[in-house]
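Let me begin by presenting the structure, written as structure tokens, before commenting on it.
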Amino acid sequence: MAKAYLSPHYQKISNTTAVNLIPVGQLNRVRSISLANIHESQTAVTDLYISSPANDFYIFKGLDIPAGVTLKLEADEIEYDGSIFDLYIKLADSNDTVDVIIR
């Protein structure tokens with residue numbers, strides 16, 4: 035049985051606490067993830083990773099997204115097993131603000 039696509043999901047991330055974007059167990063196929071640094075002058079240092087109880091696996095760690103820039107990841111860059119892993123984002127600075135759109 036094919037996985038269903040995740041409905042569009044929109045979230046504003048603005049502190050250094052890791053945020054669970056997609057909890058484990060949601061049947062999903064992510065088509066794309068867009069990360070937009072909406073700060074006017076500050077680079078957003080960003081981690082995006084999948085996590086299981088035993089391990090974290092980074093899609094990227096410490097990635098600088100310049101002010102006003104959007105990073106878009108396509109399905110083949112973000113494919114993972116949603117029955118095992120949560121998808122997390124974490125910012126390095128509490129002054130960073132990133133808009134996340136998952137399709």
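Residue numbers (this note's numbering): 35 to 137.
Don't be surprised by glycine CBs; every beta carbon is placed ideally from N, CA and C.
- Inter-residue distance for Ser86 and Tyr92 is about 12 Å (C-alpha atoms, whole angstroms).
- Nearest neighbour of Ala126 by Cα position, chosen from Asn54, Ser117 and Ile99, turns out to be Ile99.
- A distance below 6 Å between beta-carbons, with the five flanking residues on each side excluded, links Asp81 to the following residues of its chain, in chain order: Lys95 and Lys124.
- By the neighbour-count definition (other C-beta atoms within 10 Å, threshold 16), Tyr83 is a buried residue.
- Within its own chain, the residues whose Cβ lies closer than 7 Å to the Cβ of Ala101, once the five positions on either side in sequence are excluded, are Asn71, His73, Glu74, Ser75, Gln76 and Thr77, listed in chain order.
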